[in-house]
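Colleague: First to last, the sequence lines map onto chains A and B. Per my numbering, the first sequence starts with residue 98, numbered consecutively. Per my numbering, the second sequence starts with residue 455, numbered consecutively.
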Amino acid sequence: MVGITGYGAYIPFSRLKKKVIAEAYGEKGGSGEKAVANHDEDSLSMAVEAAIDAKADAGNFNADVVFFASTTPPYKEKQSSAIIRSALDFKRNIRSTDVTDSLRAASGALLSAADAVKSGEKSVLVTASDTRVGGAQGGFESLLGDGAAAFLIGTENVLATIEDSKSITVDITDQWRSSADDFLKSWEERFGVESGYNQLVSDAVHDLLTSNDLQTTDISKVILAGPKERYQKKLAATLGFSDDQVVSGHENRIGHCSTAQAPMLLVDCLEEAHPGDLIVMATYGSGSDAMLFKVTENIRSYAPRMGFAKQLQSKRDNLPYTTYLKWKNMLPTEAGRRPEIPQPSAPAMYRHQEQNLEGYGSVCTSCETPFFPKQHVCAECGAIQQMEPYKFTDKKGKVVTYTSDYLAVSPDPPSTFNVIDFEGGGRMICEMVDYHLDQLAVGMEVEMTFRHLYEAGSIHNYTWKVRPKR
Amino acid sequence: MAKSIADQVAVVGMGCTQFGEKWDKGPEDMILDASVEAFTDAGIESEDLDAAWFGTLLTSGSGLMVSKTLKTGFIPVTRVENKCASGSEAFRNACYAVASGAYDVVLAVGVEKLKDSGFSGLPNTDPDPDGTRPNISAPAAFSFLAPAYFEKYGLTPEQGKEVLSRIAWKNHKNGALNPKAQYQKEVPMDKIMNVPMVADPLGVFDCSGVSDGAAAAVIVRTEDAHKYRHDPMYVKALTIAAGTGVGAIHQDFDFTSIKENNAAATTAYKQAGIKNPQKEISMAEVHDCFTPTELVIYEDLGFSERGEGWKDALNGKFDLDGDLPVNPDGGLKSFGHPIGASGLRMLYEMYKQFQGKAEKRQIEHPKLGLTHNLGGRPWECVSFLSIVGKELG
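1) Please decide whether A/Q472 counts as near chain B, where near means a Cβ-Cβ distance under 8 Å.
2) Quick one: which residues of the region 706 to 733 of chain B get their C-beta closer than 7 Å to a C-beta of chain A? List them in chain order.
3) Taking the DSSP output, what are the residues bridged to A/D502?
4) So with CB distances below 8 Å, who are the chain B contacts of A/E285?
5) Whose CA, out of B/D706, B/L846, B/F573, B/F528, lies closest to the CA of B/S665?
6) Measuring straight from C-alpha to C-alpha, what distance separates A/T102 and B/G763?
7) Relative to the C-alpha of A/H136, which candidate in A/G129, A/F110, A/S283, A/Y122 has its C-alpha closest?
8) Show which residues of chain B have a CB atom less than 7 Å away from the CB atom of A/V497.
9) Need the endpoints of the alpha helix (DSSP H) that B/E834 sits in, please.
10) Quick check on B/Q725: buried or exposed, where buried means 16 or more other Cβ atoms within 10 Å of its Cβ?
11) Output the residue ranges of the alpha helix (DSSP H) runs that lie fully inside the region 191 to 265 of chain A and measure 4 residues or longer, sorted by chain position.
12) Taking the DSSP output, what are the residues bridged to A/G494?
13) Please name the residue, chosen from A/T266, A/T252, A/I181, that lies closest to A/E260 on a Cα-to-Cα basis.
14) What's the C-alpha gap between A/Y551 and A/S262?
15) So which of A/A432, A/M446, A/F489, A/Q450 has the shortest CA-CA distance to A/S459?
16) For A/L297, report the span of its alpha helix (DSSP H) as first-last.
17) If you follow the alpha helix (DSSP H) that A/W83 is part of, which residue opens it and which one closes it?
18) Looking at A/V223 and A/A213, is the spacing between their C-beta atoms short of 8 Å?
19) Just to confirm, does A/E285 get its C-beta within under 7 Å of one of the non-hydrogen atoms of the ligand GTP?
20) Please decide whether A/A184 counts as near chain B, where near means a Cβ-Cβ distance under 8 Å.
21) When the Cα of B/V560 is compared with those of B/P782, B/E482, B/G467, B/L822, which residue comes out closest?
22) When you compare the region 768 to 782 of chain B with the region 589 to 599 of chain B, are there three or more beta-carbon pairs, one atom per stretch, that lie closer than 8 Å?
23) Please classify B/V689: is it buried, with 16 or more other beta-carbons within 10 angstroms of its beta-carbon, or exposed?
24) Pull the bridge partners of B/N536 from the DSSP assignment, please.
25) Quick check on B/Q807: does DSSP put it in helix, strand or coil?
26) Going by other Cβ atoms of all chains shown within 10 Å of its Cβ, with 16 needed for buried, is A/Q536 buried or exposed?
27) For the region 628 to 651 of chain B, which residues have a beta carbon sitting closer than 8 Å to at least one beta carbon of chain A?
28) Using alpha carbons as the reference points, say which of B/G697, B/M804, B/E491, B/D584 lies closest to A/T560.
29) If you follow the beta strand (DSSP E) that B/F789 is in, where does it begin and where does it stop?
30) How would you list, in chain order, the residues of chain B whose beta-carbon sits under 7 Å from the beta-carbon of A/Y503?
31) Anything in chain B within Cβ reach of A/P441, meaning under 9 Å, just list it in chain order.
32) State buried or exposed for B/K522, treating a residue as buried only when at least 16 other CB atoms are found within 10 Å of its CB.
33) What residue range is occupied by the uninterrupted beta strand (DSSP E) comprising B/H826?
34) Please decide whether B/V700 counts as near chain A, where near means a Cβ-Cβ distance under 8 Å.
35) Using 8 Å as the threshold, is the C-beta distance between B/G404 and B/G541 below it?
36) So, with DSSP's three-state summary, where would you put B/V520?
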């Protein structure tokens, strides 16, 4: 039976208190907080992090197909899932697809993944990630948060089977963003909720239950992704679900994560699930996909690397509103008195893919000393061209020395740089992110994290940095 | 066995501009000022030159900037670049050319015009085509030395900060006595310790300034030196140690020293026949780009035992009136660091000290001096060392 064989989530370390947004405009109110992707994160890098979280065991991690679902891919033309493939160090001979432009992209990808498995693929990775922004001081600004989730779909060691699905596809102009728009636009909220969300999700869920001969009381948990939790709860009640059945509370803790909203709720739900549980997940966007999952015995022995609950607790919640605006490119700031960052060279990026995306240095076959970046001549024994690829990005490291650089231009000064020594040998000089400034110390334990470095000449650049072990 | 450079060549004329923010001077003006001072000092004209070497990192490409400015005729002018040791590299190449017998009279000149760029600090000059190298500023790169050193030798962050500040305090004290320095004021310890951070734990006063400047030297064979002057400066040793970058990739390097410094010093002491630098060296100009750099230099060059440099710094060993004055002219801390000029500026101080022309900074009876000029970053450097002397033999 086809189903979920692995799951993981990614919640950015930085959180913006909604009260802080209100205060910035001299307003009162605003409760809870929203997750905010760091200035060096985007939907693509978060998708990689979520996929790594789904890598529960240390063994081989691979897939035959990779999907990336998002409404905020870094490029309008150029595939994100190819970069994700590389960052996850999956083999080259696999299929990859970006599914974009709709909040229903994640369920579309999940259903396509199930179809791919039914037609013979062994394992399919689905990532869903978004960093949608609303205009300053608007309702979407405080509503939307950033986040990602990832699922492996297959037939072996299934945690939750995909029992069935029903889809509705209807065009409605309730929320949209044209190719020229920076921010989300919407028609009057009640129009979208009453004519769109309530009708279409309701129809899909109703179809699903009816055709499976199920009552709402048979369902353990229901996810009705859509605009604002109060509408989700109201629709659930209308459909006959009790409050206990509705997966909620996320809007106040991480914000509405757009394409990743339903997948993240599902991850949260699976972390708490018991064998035999039936879960209904419905997405919404130009229609609705409703999916029915049945949790298996395997759920007892599965845990993502960190998972939703732990990432929720691991945070920096003192993000100033102006920093948020800078990170979202919504506050034009004075350029630092430093030379402009040049456009990276496409051939150099292509040549260095194994190092920068896949995270490989080399190890001397003569004396077994690992090096990053790749060396031609061994710095330990002098052997020439006796190197093999050696993976660094899955190793733990410790800080040898560090500094916080107030001169380097950064959207979040100071930049902190470190010398890192890896367990098993090897060293890297790299930037640290997602840390508390007063907790920096020689000897602190760090782990690698995949990051979007910058955009120059409209080329996006990615590589690995370190963060304190989350 | 290679023939040592010791006593083969002599410096018979030197020039150095005042260093600072020279809004009214271009690089050509500064090359001219430094070179003309050196020519006048040596009693030569530019047409007496057989060749010239030009050190600069960012200001110019080829040697044409020098030949066009000085109208040197059609002699060879070679531009050399070795990061922050570019001025020293010009001097080293010029000395070897004379020692080889190829030329009789040569000029080494270095310049850097940093203040025209509008940038703060130095732009990164290493190629980074794939754009993934961490964007570490120069002060941050050298500040890596501080936590590692403090940790290894058991200094608290407060003690460490005091040591670094003491080094800055000493160099500014010396610079206050030097009319050619960019900054000519003493700075109190508490001010040094309490200014805003540039790269933790380095504050503004732990960093050398950004300045413009030029310096020049006229070099001849030792046998000809007395045709030009009675008090030339003799070259005893010249070394460059180019790093392998091993510090960035190998866990053995612990960031409490700079390997290239030690390598350059070992070779230089051998060339000059120095057994005990602490006793034999009268004074040193070292590359104090940032205060922790000077701290580890004390140990790398054998001025202090390992782990003792911080104590020697606190007890005044390297003060102008200490056992081994370091940076008597005020160092990079007081002069700023116009890259191509710095190495020659250090030699200028040695030259003036030997001639007894260092005025309020004058050290009693100096015999041997050392200049140390460093380019790159602690884990991948070029380290230059010269030993120069007042006397032959």
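The beta-carbon is built from N, C-alpha and C at its ideal position, and this holds for glycine as well. Since the structure is predicted, the reported quantities are computational estimates derived from the model, not experimental observations.
Modeller: According to the data block:
1) Within the first sequence, numbered from 1, the residue matching residue 472 of chain A stands at position 375. Interface residue, yes.
2) F709
3) Here the question's residue 502 of chain A lines up with position 405 in the first sequence. For A/D502, which the question treats as bridged, DSSP gives the partners A/S512, B/A653.
4) As a first step, residue 285 of chain A must be located in the first sequence, where it is residue number 188. The contacting residues do not exist; A/E285 stays about 45 Å from chain B at best.
5) Within the second sequence, numbered from 1, the residue matching residue 665 of chain B stands at position 211. Measuring from the Cα of B/S665, the nearest candidate turns out to be B/F573.
6) Numbered from 1 along the first sequence, position 5 holds the residue referred to as residue 102 of chain A. Numbered from 1 along the second sequence, position 309 holds the residue referred to as residue 763 of chain B. Spanning the two alpha carbons is a distance of roughly 60 Å.
7) Along the first sequence, one-based indexing puts residue 136 of chain A at 39. It is A/F110.
8) Here residue 497 of chain A corresponds to residue number 400 of the first sequence, with the count starting at 1. In chain order: A602, F709.
9) For the purposes of this step, residue 834 of chain B is identified with residue 380 of the second sequence, where counting begins at 1. Element bounds for B/E834: not the alpha helix (DSSP H) but the beta strand (DSSP E), 834 to 843.
10) Indexing the second sequence from 1 puts residue 725 of chain B at position 271. Answer is buried; the Cβ neighbour count reaches 16.
11) 202 to 215, 236 to 240
12) In the first sequence, counting from the first residue as 1, residue 494 of chain A sits at position 397. According to DSSP, which records beta bridges pairwise, A/G494 is partnered with A/F519, A/V543.
13) Taking the first sequence and counting its residues from 1, one reaches residue 260 of chain A at position 163. Residue A/T252 is the option with its Cα nearest to A/E260.
14) Stepping through the first sequence from its first residue, residue 551 of chain A is reached at position 454. Stepping through the first sequence from its first residue, residue 262 of chain A is reached at position 165. In a straight line, the C-alpha of A/Y551 is about 40 Å away from that of A/S262.
15) Counting from one through the first sequence, the residue named residue 459 of chain A turns up at place 362. Among A/A432, A/M446, A/F489, A/Q450, the Cα nearest to that of A/S459 is on A/F489.
16) Against the first sequence, residue 297 of chain A aligns to sequence position 200. Counting along the chain, the alpha helix (DSSP H) containing A/L297 begins and ends at 295 to 308.
17) Only positions 98 to 567 of chain A appear in this structure, which leaves residue 83 of chain A out of reach.
18) Position 116 of the first sequence, counting from 1, holds the residue named residue 213 of chain A. Position 126 of the first sequence, counting from 1, holds the residue named residue 223 of chain A. Against a cut-off of 8 Å, the Cβ pair of A/V223 and A/A213 comes out as no contact.
19) In terms of ligand content, the structure shown is empty, and the ligand GTP therefore cannot be addressed.
20) Numbered from its first residue, the first sequence carries residue 184 of chain A at position 87. Not an interface residue.
21) Position 106 of the second sequence holds residue 560 of chain B. Of B/P782, B/E482, B/G467, B/L822, the residue nearest in Cα terms is B/G467.
22) no
23) Counting from 1 along the second sequence, the entry for residue 689 of chain B is found at position 235. Answer is buried; the Cβ neighbour count reaches 16.
24) Within the second sequence, residue 536 of chain B is the residue found at index 82, counting from 1. Bridge partners of B/N536: B/C538.
25) Sequence index remark: in the second sequence, residue 807 of chain B carries index 353 (1-based). B/Q807: helix per DSSP, three-state reduction.
26) On the first sequence, position 439 is the one that residue 536 of chain A refers to. The residue is exposed, with fewer than 16 neighbouring Cβ atoms inside 10 Å.
27) P650, M651
28) One-based indexing of the first sequence puts residue 560 of chain A at position 463. The candidate whose alpha carbon is nearest that of A/T560 is B/D584.
29) As a working note, residue 789 of chain B is residue 335 in the second sequence. Unbroken run through B/F789 is the alpha helix (DSSP H), 785 to 789; no beta strand (DSSP E).
30) Numbered from its first residue, the first sequence carries residue 503 of chain A at position 406. The answer, in chain order, is M651, V652, A653.
31) Within the first sequence, the letter at position 344 stands for residue 441 of chain A. Under the 9 Å cutoff, chain B gives D582, P583, D584, G585, T586.
32) Translated into the one-based positions of the second sequence, residue 522 of chain B becomes position 68. Result: exposed.
33) On the second sequence, position 372 is the one that residue 826 of chain B refers to. Looking at the DSSP string, the run of the beta strand (DSSP E) that includes B/H826 is 822 to 831.
34) Taking the first residue of the second sequence as 1, we reach residue 700 of chain B at position 246. Chain A contact via Cβ: present.
35) No answer is possible for residue 404 of chain B: it lies beyond the span of chain B, which begins at 455 and ends at 847.
36) Working through the second sequence from its first residue, we reach residue 520 of chain B at position 66. Residue state, collapsed to three classes: helix.
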